[in-house]
Amino acid sequence: MLSLTLVYGFGIVGQLKEVVGLLKELLLRNINPNVLTLTTLVGGLCKEGEIKKVGNMFVIIIKLGVKTHLGWHLTL
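Add 12 to the 1-based position in the sequence shown for the working numbering, that's all there is to it.
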């Protein structure tokens with residue numbers, strides 16, 4: 013839950029570089045973010061026009077085997 017809070021907080025103030033860094037840190041520590049955290053991250057990236065990074069997120073999501081939900085698709 014802490015990761016979701018940090019992702020949301022950094023995203024709100026437009027610090028997506030920190031969000032991506034946090035995601036990398038989580039993955040390095042073998043902590044897989046949940047679908048809510050990833051949806052928040054993708055929403056922030058879309059809002060900032062970072063379409064290439066959104067594509068990279070899909071690759072990560074597929075590798076993690078995260079099950080998406082309707083909210084995910086509405087974010088895009």
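Backbone N, C-alpha and C fix where the C-beta goes; we use that ideal spot for every residue, glycine too.
According to the neighbour-count rule (16 or more other Cβ atoms, all chains shown, within 10 Å of its Cβ), is Leu-35 buried or exposed? Here the question's residue 35 lines up with position 23 in the sequence shown. Buried is the call here.
Here's the rule: buried if 16 or more other CB atoms are within 10 angstroms of the residue's CB, otherwise exposed. What is Val-54? Position 42 of the sequence shown holds residue 54. The residue is buried, with at least 16 neighbouring Cβ atoms inside 10 Å.
What do you get for Phe-22, buried or exposed, if any count of 16 or more other CB atoms within 10 angstroms of its CB means buried? For this step, residue 22 is matched to residue 10 along the sequence shown. Under this definition Phe-22 is a buried residue.
Residues near Asn-42 by beta carbon distance below 7 angstroms, same chain, minus five either side: Against the sequence shown, residue 42 aligns to sequence position 30. Counting only Cβ-Cβ distances below 7 angstroms, and skipping sequence neighbours, we find nothing.
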